[in-house]
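Participant:
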Amino acid sequence: MTYQSTRFPEVIVFKIKGLRATPVFKVIVDTVLDDTSRWIGPSTCVPVFRMEVVRPGETTDLPWTDRLIPCDDHAIERLLLACDEIESIQHKRNFLPDEKPKPRAKKKPEPKGPFSKRGYNLDNWSEHWHPYFDRPELTAEGAELGRLLEGYPFADRSPRDNARYIEMEIIHRIRDRFPTIYEVEKLTKNKLVQALTLISTPEIQRHGRPEDFCIHQAFHENKIPNQIDTYLSGLQGLAWMIRTGRIKDRDRKVVDPTDDEASEDKLFHIHGVGRGVTSDRAYLDDLADEEEMAAADAEEGIY
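See the structure below:
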């Protein structure tokens, strides 16, 4: 008998019950081979003996490649009845010994809906969010907010005046100027106000990029109602980098990703990798930054 790990066109698999010592297993094999020698039909099948090894449930297949046997259905039934040590006998084609069964593909559940006009599945959203999908008022108020933030931080104003502008013209007037956004603010627990407060700080006015101040885009019709979370997270990351000394004053210019000095431009890395973004940071740098951020927050009592 020789063993090879190749596919066989046609086999008959004899599964032996329970754990078997080698001498006992050999007796069973001899019994089966002797019985199959009297089977009727063309000898086209390789006999394969499947036995449990090490522990129950773990099996190994032993093909007897120097022997071909017929597939005699009536003889198979008689052997199963006569030999208690055999658990099952199966006729298989294109058989690979010890091949693991392919896991069943889990069928993805069909989305139940309801759906917004733009195709968002609202089934996974709390009902209090549903009214803010497909709200033209939200888009219109976002556009008005963008008009107020256009050109911010204003070069002809001091950082203090810019901060006062954000406070007086936007934050204090959200309720009457942006009533729909104000409703969303109550659901997001004032995250727009938090983002506006951050962009009003002198540090972010100095180090922020133009896209950091476009928080009005969170209310575009293509965005989900709580998109402000993403914009706030980006600003919080920028504020943390400034606080921990990772960003210093620099000229506002486009960084060439092929420049060897790009790795020292910390603002170049703030948003990591993604669509249209180039970064030369290794993932270990991100892990180190997360650890330092957690340590810094712990020192300041932020949990």
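Residues in the sequence shown are numbered consecutively from 1, following full-length UniProt numbering.
Glycine included, each C-beta is placed from N, C-alpha and C at the ideal position.
If you're wondering where the values come from, they're calculated on a predicted model, not measured in any experiment.
Name the DSSP bridge partner or partners of M51?
Facilitator: Bridge partners of M51: T60.
Participant: Helix, strand or coil: how does DSSP classify G89 here?
Facilitator: For clarity, residue 89 is Ile in the given sequence; the question names Gly instead. Residue state, collapsed to three classes: strand.
Participant: State the Cα-Cα distance for the pair I40 and D66, rounded to the nearest angstrom.
Facilitator: The alpha-carbon atoms of I40 and D66 are separated by roughly 19 Å.
Participant: Give the single residue among K17, R164 and V48 whose Cα lies nearest to the Cα of L198.
Facilitator: Nearest option by C-alpha distance: R164.
Participant: Would DSSP call P101 helix, strand or coil?
Facilitator: Of the three classes helix, strand and coil, the one that applies to P101 here is coil, per DSSP.
Participant: Per DSSP, which residues does V13 bridge with? Please list them.
Facilitator: V48 and Q90.
Participant: Using the Cα positions of A140 and D134, report the straight-line distance between them to the nearest angstrom.
Facilitator: When rounded, the distance between both Cα atoms is 12 Å.
Participant: With DSSP as the reference, label G119 as helix, strand or coil.
Facilitator: Coil at G119, not helix or strand.
Participant: I need the boundaries of the alpha helix (DSSP H) containing Y165, first residue and last residue.
Facilitator: Per DSSP, Y165 belongs to the alpha helix (DSSP H) from P159 to Y165.
Participant: For I215, count neighbouring C-beta atoms within 10 Å of its own C-beta (all shown protein chains included) and say buried if the count is 16 or more, exposed if not.
Facilitator: I215 should be labelled buried.
Participant: What runs of the alpha helix (DSSP H), each 4 residues or longer, lie entirely inside the segment 198-223?
Facilitator: Qualifying alpha helix (DSSP H) stretches, in chain order: 202-207.
Participant: Mapping DSSP to helix, strand and coil, what is G41?
Facilitator: Residue state, collapsed to three classes: coil.
Participant: According to DSSP, simplified to helix, strand and coil, what is F133?
Facilitator: In this structure, F133 counts as coil in the three-state DSSP scheme.
Participant: So with Cβ pairs under 8 Å, would you call K92 a contact of chain C?
Facilitator: In the displayed structure, chain C is absent; only one protein chain is listed.
Participant: Three Cβ pairs or more, each shorter than 8 Å: is that satisfied between the segment 215-231 and the segment 188-195?
Facilitator: Contact holds: three or more Cβ-Cβ distances are below 8 Å.
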